C-alpha cells in the first residue's frame, strides 16, 4: 500500500503492540472464551500487518479462513466441551512455569540473535505492489501447481477425518441385547471409558 | 535531524519471534486443550508473518513467500478442524479437557 512512511510506522507499531498483547491475553487469561475472542483480534491485526507488507490477497485469505472459519470453529468447540471444572492442583506447577519461561526466553534470544545479526540481502528487488495478486495466480497455476492440487486433497481428507472423528456412533442394533436401537438412547450420558483409574472421581455410582 | 525511514525488516522478524515464543509458552503451559490449539494457531501466524516479511523485503518481484503463506493457512485450517474433532472425541471418552489427565501414553 502506498502510505506515507510515518503512517506506516505508526500503523506497524499499533498493530504489533495489539498482536503481542492479544497473544499474551490468549495465553494467560483464565477464561478460555475471552482467549478465543482475543485470538480473533490477534488474527485481524495480523491481517493488518499483511496489508502493510503489500499482501492484500493473503490478508483477505487470513480474515476469511482464520477469523471466519478457524476462530468460529474454536468457539464452537469451547461451547461443546464447556465444562467448568476446577483444575486439579499439581505438584511443582510454579517450577514448571518458571522453567518453561526460561526455555522460551532462551529461544527468543536465539531467534533475535539470528534476526538481528544476519546480513540480509537488503534492499531486495522493488516490490510489485498490487500486481502481487496476479503473480500469486501465476505461481499457483505454473510452478506450484502440484502443491496447490495436493492442498485440495488435504482439505478433503481433513474434512472426512473430522467428520469421522467427531460423529456419534449410530448403531442400528444394540450391541448387548440385539434389539433395534432406540436412537434417543444414544444421546444419553455415557460412562467415561477410561476414567475409572482416577480414584478421586467415581465413574460408576454403586447400586 | 532524523529522517523517518521505512519499517525495517528486522522489526517484523522481532515481532514474529516474540509471537512464536508466546505461542510456545502457551503450548507448554496450557491445561485446557482448546487453548493448546489456540497456541498452535499463534505459532503458525508467527511463521506466516516471517514469510510475508521476507516476501515483501527480499523477494518483491516473485512473491513466493505469499504463496507459501497461503499453503500454511490451508494446512492450519485442516489442522484446526482435525484437532478440534480429536478434542471432541477425547472429551467424550475422558469427560475432561484437562491436558494433565490425558496421560494414557505416559511412560
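Protein chains in written order, with our numbering: chain D, 1 to 207; chain Y, 1001 to 1107. Using N, Cα and C, we set each Cβ at its ideal position, and we do this for glycine too. It should be emphasised that the depicted structure is a prediction, and the values quoted were computed from it without experimental measurement.
Item                                                                                                                      : Value
Chain D contact for residue 1107 of chain Y (CB, 9 Å cutoff)                                                              : no
Residue 34 of chain D burial status per 10 Å Cβ neighbour count (16 or more: buried)                                      : exposed
Candidates Y:1049, Y:1057, Y:1060 and Y:1018, of which the one nearest residue 58 of chain D by Cα                        : Y:1049
Within-9 Å CB hit, residue 1047 of chain Y to chain D                                                                     : no
Cβ-based burial, residue 1019 of chain Y [other Cβ within 10 Å; buried from 16]                                           : buried
Backbone secondary structure at residue 1048 of chain Y - three-state DSSP                                                : helix
Cα-Cα separation, residue 1008 of chain Y to residue 1089 of chain Y                                                      : 46 Å
Which of helix, strand or coil DSSP assigns to residue 18 of chain D                                                      : helix
Residue-chain proximity (residue 67 of chain D, chain Y), Cβ-Cβ < 9 Å                                                     : no
Residue 1099 of chain Y beta carbon less than 9 Å from that of residue 1030 of chain Y                                    : yes
C-alpha distance - residue 1086 of chain Y paired with residue 64 of chain D, whole-angstrom precision                    : 24 Å
Short-range partners of chain Y found in the stretch 39-65 of chain D, where Cβ spacing is below 8 Å                      : 39, 42, 43, 46, 49, 50, 52, 53, 54, 55, 57, 58, 61, 62 and 65
Buried versus exposed call for residue 207 of chain D [16 or more other C-beta atoms within 10 Å across all chains shown] : Unreliable positioning characterises residue 207 of chain D in this predicted model, as indicated by a pLDDT of 45, which lies under 50. A coordinate reading is not provided.
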